[in-house]
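Contents: one structure, followed by commentary.
Numbering (the working numbering), first residue to last: 1156 to 1250.
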């Protein structure tokens, strides 16, 4: 699985980078067919925007969250993408 972290007007510490990578690695447990994961972190005025795009071969699942704190934005977007992947996985099983 390929991981990309893209920063726009945001500087992150090595600890934050490790935290993001750990969360991205956990996504593989939910769905093993994830090819690439793009994590986009952006600062817009006083708000942080976190977005995760997972590429599942023929399908792309995207989650986006905003918060005043970068850590909160990262945690929220991780929860959202995890839920989206679980929903997609259950839809596939029903077919």
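Glycine included, each C-beta is placed from N, C-alpha and C at the ideal position. In this text the structure is predicted, and so the values were computed from the model without any measurement.
Requested in this report: Name the two residues that bound the continuous alpha helix (DSSP H) containing residue 1225.
Outcome: 1225–1249
Query - Sequence-distant residues of the same chain with beta carbon closer than 6 Å to residue 1236, five excluded per side - result: 1207, 1218
Report task. Check each candidate in 1241, 1231, 1248 and name the one with the smallest Cα separation from residue 1194. Result -> 1231
**Report entry** Cross-strand partners of residue 1208 (DSSP beta bridge)
**Finding:** 1193, 1217
**Report entry** residue 1158 - DSSP class collapsed to helix/strand/coil
**Finding:** strand
Query raised in the report: Is it the case that the Cβ atoms of residue 1204 and residue 1228 are separated by a distance below 8 Å?
Result: yes
Query raised in the report: Taking the alpha-carbon positions, what's the residue 1160 to residue 1241 distance?
Result: 23 Å
Query raised in the report: Do residue 1189 and residue 1183 come within 8 Å of each other at the CB atom, strictly closer than that value?
Result: yes
Requested in this report: Check whether the Cβ atoms of residue 1167 and residue 1211 sit closer than 8 Å, and answer yes or no.
Outcome: no
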